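Student: Following this message is one structure expressed as structure tokens.
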Amino acid sequence: NYQMKYYFYHGLSWPQLSYIAEDENGKVVGYVLAKMEEDPDDVPHGHFTSLAVKRSHRRLGLAQKLMDQASRAMIENFSAKYVSLHVRKSNRAALHLYSNTLNFQISEVEPKYYADGEDAYAMKRDLTQMAEELRKQLEVKEKGKHLVLASLENKMDPKANHVGDCCREEKGLGSTAEDSSGGDSEDVREVSETTES
Numbered sequence: 048n049y050q051m052k053y054y055f056y057h058g059l060s061w062p063q064l065s066y067i068a069e070d071e072n073g074k075v076v077g078y079v080l081a082k083m084e085e086d087p088d089d090v091p092h093g094h095f096t097s098l099a100v101k102r103s104h105r106r107l108g109l110a111q112k113l114m115d116q117a118s119r120a121m122i123e124n125f126s127a128k129y130v131s132l133h134v135r136k137s138n139r140a141a142l143h144l145y146s147n148t149l150n151f152q153i154s155e156v157e158p159k160y161y162a163d164g165e166d167a168y169a170m171k172r173d174l175t176q177m178a179e180e181l182r183k184q185l186e187v188k189e190k191g192k193h194l195v196l197a198s199l200e201n202k203m204d205p206k207a208n209h210v211g212d213c214c215r216e217e218k219g220l221g222s223t224a225e226d227s228s229g230g231d232s233e234d235v236r237e238v239s240e241t242t243e244s
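Heads up, the sequence shown is in my numbering, so the first residue is 48 and it goes up one at a time.
See the structure below:
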């Protein structure tokens, strides 16, 4: 479809946005080529330049997985708000995938977009919902880190969260007011800061 330099341009400019699918033998059976649009008058948004899945591997969900992965990367790396693409008006299978499976909407018809004179549908997919889902997953992951950390501390020292005076001597902490302000909580904070970065 494109000259090799066009693939290199995408790969060098936005390496985190293009993906390939391989079969069990490591042979490429599909790819998505994507980029970020550089329009200063618009919100950050990506564009799918090319998508292909080998005929023998279609209807397995590979196209959806490739496009979803690239969309996630657009959000995570560039805070993309939406992604666009062009599709031939005659490409019914692709239109079905984009509209019904991936929730793209037709934004306009671009007359004679392709070299052979065929019109294209310009389509857009809002990434707000995906961005929100990614944000929630990240929150759960962060909470999980802290829960695991607290759990590990409790396993190492069953009295780690107990700061009563009755156990201060046993822990070797003494009983001064100065000791009660530091100690364990400072150690936990140091460990938490290390795991967050």
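Glycine residues also receive a C-beta, built at the ideal position from the N, C-alpha and C atoms. Remember, it's a predicted structure, so these values are computed and weren't measured experimentally.
1) Contact defined as beta carbons within less than 8 Å: I believe Met170 pairs with Ser154. What is the distance between those atoms, to the nearest angstrom?
2) Give me, in chain order, the residues of the same chain whose beta-carbon lies closer than 6 Å to that of Leu132; leave out the 5 immediate sequence neighbours on both sides.
3) Bridge partners for Arg77 per DSSP, in chain order?
4) Quick check on DSSP: helix, strand or coil for Gly50?
5) Pull up the DSSP beta-bridge partners for Glu155, would you.
6) Can you round the beta-carbon distance between Tyr78 and Ala68 to whole angstroms, since I take them to be within the 8 Å contact cut?
7) Could you tell me which residues DSSP puts in a beta bridge with His94?
8) Can you tell me whether Leu109 is helix, strand or coil according to DSSP?
9) Leaving out five residues before and five after Leu109 in sequence, what residues of the same chain have Cβ atoms less than 8 Å from its Cβ?
10) Reducing DSSP to helix, strand and coil, say where Gly164 ends up.
11) Terminal residues of the continuous alpha helix (DSSP H) containing Leu142?
12) Between which residues of its own chain and Glu85 is the CB-CB distance below 7 Å, once the five residues before and five after are set aside?
13) Cα-Cα, which of Lys159, Pro158, Arg182, Asp173 is closest to Arg93?
14) Please say whether Pro91 and Ser118 have beta carbons closer to each other than 7 Å?
15) DSSP three-state call for Asn150: helix, strand or coil?
Tutor: Working from what's here:
1) 6 Å
2) Phe95, Met170
3) As written in the sequence, residue 77 is Gly, which differs from the Arg given in the question. DSSP output for Gly77 lists Ala68, Val100 as bridge partner(s).
4) Position check: residue 50 holds Gln in this sequence, whereas Gly was assumed. DSSP places Gln50 in coil when its eight states are reduced to three.
5) Ala169
6) 7 Å
7) Lys82, Ser131
8) helix
9) Ala68, Val76, Gly77, Val100
10) coil
11) 139–143
12) none
13) What sits at residue 93 in the sequence shown is Gly, not Arg. It is Asp173 whose Cα lies nearest to the Cα of Gly93.
14) no
15) coil
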